[in-house]
Amino acid sequence: MSTGFHGAAGRGMSDNAWMRQPPGAPVSPVTDVYFGAAVDDPYRWMEEESGRFGTWLDGQAEYARGLLDALPYRDELYARLRQLRAGQGVRRHGVSVRGERVFYLRAEPGAGVPVLVVADADPGAPERVLLDPNAARGAHHSLDWYVPSPDGHHVACGTSAGGSERSALRVVDVTGGGLLPDTVDGVWFPFVSWLDDGESLVYHRFLPPPAGAPPDARRLGSRSLRHRLGADPATDEVVLAGGLNPRVPVRPLDRPFVYRPPGSPWTIAVVSHGALRPGRTDEALSDCTLYVAPTTGLESPAGCPWRVVARPEDGVSAFALGPDTIYLVTHSRAPRRRVLAVPLAGGEPSVLVPESDRVVEAVRVVGEHLLVRDLDGGVARLRRVPLTGGAAEEITLPVSGTIREWAGAPGSAGLLLGIESWTSPLRHYRYQAGSGAVVSAQVGPVPHDTGGGTAVAGGLFAGVEAYQVLAVARDGTPVPVSLIHRRGLARDGNNPVWLEGYGSHGVPLTPGYEPYRLAWLERGGVWAVAHLRGGGEYGRGWHEAGRRSTKENTITDLIDCAEYLVAQGYTRPGRLVGAGTSAGGIPAGGALVRRPDLWAAMVLRVPVVNTLRIELTENGPVHIPEYGSASTEDGVRSLLACDAYHRVRDGVAYPPVLLTAGRNDSRVPPWQPGKLAARLQAAAPPGRGGPTVLRVEDAGHGFGSTAEQQDAEQADVLAFALAAVAGRIG
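Read in order, the letters of the sequence shown correspond to residues 65 to 794 in my numbering.
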């Protein structure tokens, strides 16, 4: 494979492509005064939902496509990425178990999006496709989530068009096949609980907003309702909402969820006051109040005898329900979290699992034990504790990495684990409740893939090593950095390094298998992941050290990690590419505008870069606990400190910058990257610095993108980074 960082190969960029200019953005300044301080916003008009912003985006997309298509190695990289995807074989993930049936998502190498499949629990049993979103007409559809009924006869699914994640609830008939006519819009989260009859379910829904409602008022007044299959959704009964039950106060912005474990005499209500981690329900709560009530109480929702189990100040981040006890993971008086056992019938909580040097992520009742999933320096660990109390027993895992999945039938004494690492793909294992052993398991009719394929014998990542180093932040705090590269790397300062970070919402960046990284490693590159403060690698204290008034630490941590890699000889500024996605746009964008000299290029994907205005977006109000609010003086101070858009300076030679935006993005609207792109393009001094490119796609935040969309974007991103490192841009 060519070491493409060191010479010209592939298609070169024509002079005409270089001379093309992006469309200019009209400047129409708006000045806001925050507690006596005036702040100018030259591109506020982009926030208006008008045709002129769409037209400007079209022009940016055309400019980006012309430049990216002409990059050296772009086509070569795309072909390699498709080859790497094919080398993975069929991937099976997202497992759920119901009785003798196993449900999961199957991703074919050449398919668009994963399909929902069912098979018998016996190893090697034939599988049957239940729902194929690729068969939908018009815009591509994706399966956002699914929840099987306790008897495995039905599956509630959330599907959306164009990667928007604006899910509609549909129901699959597992036995007869096909979709039932039941359809409910606005069911964005997998908070769906089936009732014991297998014909009724409780779901959470956002109501259609009133005409003309501003973006930050479009997700108010949500509620949980009960639906019976075959009934008109317009007649569904509200079971939890604001003003319904005096025992459960629900503000307009709150989201009231109902969690009903199959067969349990108890039901849990979760009223979320802040942002939730994507794709998680009972395993990753944030700023929530928890209630419990007898399941029979749902028969009269207005009079249901809900009782408070935990308030926001109790710091509950996860829970598990046993026959007569709820187990709460809490950071109250335990920054790395402990587990409390709370009797459901009432009584004082007791400490079942005390705080340790690990971070407790989640818990689950399996047989006579509580399984405890931990993070130990970012690596998954597993232990079990008798429900009656006692010492924890370590469960030996076959892979040092991340427990991406754990699934078991309700009441079952077994559990399926899905584990992956930086260099090994997701494989499934079975936890045996009696012995505590974890043994290899098979999901689907063929043996699990080995990660092999077309690259090298022994797996795609043979010859690659992954390890962690500690960079020291400017205040003396050690910040872990995970490094992935070919063995035998010379630390001579000439290696291209891709450095990414996130640092928000207490979300840890844990080991994950991504074959596309190999396209960078094959060219002598290093892939680096900075575990910034604001994430969850070391528990609540690590999160609080990069939240609201301390949010700027995520930015300076990324800069300090970059300088560490330079000082240690891994790279030098002309060969260092920074990157951030979504909330990762805060550290990456902040590092760009503070230290433009440090980067060969910066890649910002669907990024948050105008923090001062983020709370006014549709998804913004729930992020106030993380970022702060412009309604307070302290909030304005911290928001402005982290706002890349407002810190761009005229005449500065910024490095090449690639931003991406999804027209259907329901998390970060396209005007966030759009405003920064316009500001950087206008501020660039003639003939100096690199281009700012805004890549626009008819997609969302990335979760529902097709395989082809993912590979095309990754080819663009890597080709842009490669050209910048080779000095072919700017």
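In this text, a Cβ means the ideal position worked out from N, Cα and C, and glycines have one as well.
Spatial neighbours of residue i in its chain, beta-carbon cut-off 7 Å, leaving aside the 5 residues before and after
i    : result
T518 : At T518 the pLDDT is 37, less than 50, meaning the model places this residue with poor confidence and gives no usable figure here.
T67  : With a pLDDT of only 38 at T67, under 50, the local geometry of the prediction cannot be trusted, and no value is derived from it.
A477 : V430, G431, A497
P187 : Q506
G557 : G633, T635, R636
Opening and closing residue of the beta strand (DSSP E) in which residue i lies
i    : result
D421 : Where D421 is concerned, there is no enclosing beta strand (DSSP E), given that its DSSP letter is neither H nor E.
C221 : 218-225
F321 : 319-323
D133 : Looking at the DSSP string, D133 is not in any beta strand (DSSP E); the run it does join, the alpha helix (DSSP H), is 115-133.
S381 : 380-385
G644 : 640-645
F167 : 165-171
R144 : R144 -> not in any beta strand (DSSP E); alpha helix (DSSP H) instead, spanning 138-152.
P212 : 205-212
G726 : 721-726
E469 : 466-471
D104 : 101-105
Helix, strand or coil at residue i [DSSP, three-state]
i    : result
L304 : strand
G764 : coil
W562 : strand
Y493 : strand
E191 : strand
A281 : helix
Q632 : coil
I619 : helix
V670 : coil
I548 : strand
L408 : coil
D780 : helix
W735 : helix
R792 : coil
W82  : The predicted model places W82 with a pLDDT of 42, which falls under 50 and marks its position as unreliable, so this point remains unresolved.
C368 : coil
Q506 : coil
A687 : Sequence inspection shows His at residue 687; the Ala mentioned does not correspond to that position. DSSP places H687 in helix when its eight states are reduced to three.
D513 : Low confidence applies to D513: its pLDDT is 45, below 50, so where it sits in the model is not reliable, and the reading given next is rough at best. If DSSP states are grouped into helix, strand and coil, D513 belongs with coil.
Y718 : coil
Cβ-based neighbour list, residue i, same chain, cut-off 8 Å, excluding 5 preceding and 5 following
i    : result
A747 : V712, R713, D714, G715, V716, Y718
G442 : Q532, P544, S546, P572, L573, T574, P575, H595, E601
V193 : R170, V179, L180, V181
E616 : G654, S702, A705, C706
Residue j beta carbon less than 7 Å from that of residue i
i    : j    : result
T389 : A366 : no
R612 : S702 : yes
A398 : Y391 : no
P651 : P737 : no
P316 : G285 : yes
L480 : V159 : yes
P734 : I793 : no
P87  : G118 : no
A199 : E191 : no
S769 : G227 : yes
Y98  : V657 : no
E682 : S693 : no
R597 : H395 : no
Residue i - containing alpha helix (DSSP H), residue span
i    : result
H607 : 604-608
R612 : No alpha helix (DSSP H) contains R612, which DSSP labels as neither H nor E.
D296 : No alpha helix (DSSP H) holds D296; DSSP gives it neither H nor E.
E697 : 697-705
L585 : 582-585
P245 : From DSSP, P245 is part of no alpha helix (DSSP H) but of the beta strand (DSSP E) over 243-249.
G540 : Note, G540: premise wrong, no alpha helix (DSSP H); not H, not E.
R658 : 649-658
Beta-carbon proximity list for residue i, same chain, < 6 Å, skipping 5 on both sides
i    : result
E425 : R437, L439
D318 : V335, H337
Pair every Cβ in the stretch 710-717 with every Cβ in the stretch 623-630, then say whether three or more of these pairs are closer than 8 Å. Between the stretch 710-717 and the stretch 623-630, the count of C-beta pairs closer than 8 Å stays below three; the two stretches do not touch.
Whether or not the stretch 251-271 and the stretch 658-674 are in contact is what I'm after, with contact meaning three or more pairs of Cβ atoms, one per stretch, closer than 8 Å; do they touch? The stretch 658-674 and the stretch 251-271 do not touch, with fewer than 3 CB-CB distances between them shorter than 8 Å.
Would you check if the stretch 120-136 and the stretch 781-791 touch, i.e. whether three or more CB-CB distances between them fall below 8 Å? Cβ pair count under 8 Å is three or more, so yes.
Do three or more CB pairs link the stretch 545-564 to the stretch 634-645 at distances below 8 Å? With the cut-off at 8 Å, the stretch 545-564 and the stretch 634-645 touch.
Would the stretch 417-436 and the stretch 390-403 be scored as touching if the rule is three or more Cβ pairs under 8 Å? Cβ pair count under 8 Å is three or more, so yes.
Do the stretch 167-181 and the stretch 201-209 make contact, defined as three or more Cβ pairs closer than 8 Å? Contact holds between the stretch 167-181 and the stretch 201-209, because three or more Cβ pairs, one in each stretch, are under 8 Å apart.
Taking 8 Å as the cut-off, does the stretch 308-315 touch the stretch 271-280 (at least 3 CB pairs, one atom from each stretch)? No contact exists between the stretch 271-280 and the stretch 308-315.
Below 8 Å, how does it come out for the stretch 639-656 and the stretch 672-686: are there three or more Cβ pairs, yes or no? Touching, yes.
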